[in-house]
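Take a look at the structure set out below.
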Amino acid sequence: MQLPEDQLRAGHIPADIYRRLPPGTDVRKVVIVQEAPRSYTGPIVLTLVVVTGSIAVLLVIAFVAQVVAGAAVAVLSATSGLTYSINRAAKRRTVSK
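When we follow my numbering, the leftmost residue of the sequence shown carries the number 3, and every step to the right adds one.
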């Protein structure tokens with residue numbers, strides 16, 4: 003029994019606690035209550051849920067923005083004759099001598 007926790011689990015009262023007991027206290031009836039160790043499971047799970055939810059919200063916003071942009075281009079091209087195209091062909095430079 004090297005740690006105070008080991009002494010408390012074995013039913014022994016450490017000297018510093020024993021000195022703080024009021025005079026005339028029956029030591030056999032003293033109950034020492036220890037605080038439970040802190041659990042980090044809840045905060046970790048909460049953090050993961052918040053991060054996952056934030057990513058999901060951002061993905062939904064990106065998808066909705068893409069659909070709205072596509073619909074706007076379709077409406078503009080159908081009503082006013084405007085077209086929108088992406089030119090992926092590489093521009094070739096001509097070298098003059």
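Yeah, the Cβ is synthetic: ideal placement off N, Cα and C, and Gly gets one too.
Within the same chain, Cβ atoms closer than 8 Å to the Cβ of Val32 are found at Ile15 and Leu23, the five residues on either side in sequence being excluded. Rounded to whole angstroms, the Cβ separation of Ile34 and Ile19 is 7 Å, and the two are in contact under 8 Å.
Assigned with DSSP and collapsed to three states, Pro45 falls in helix. For Val52, the secondary structure class from DSSP, reduced to helix, strand or coil, is helix. Assigned with DSSP and collapsed to three states, Val32 falls in coil, not helix or strand. Apart from sequence neighbours up to five positions away, no residue of its chain approaches Val51 with a beta-carbon distance below 8 Å. When the Cα atoms are used, Ala58 and Gly44 turn out to be separated by approximately 21 Å.
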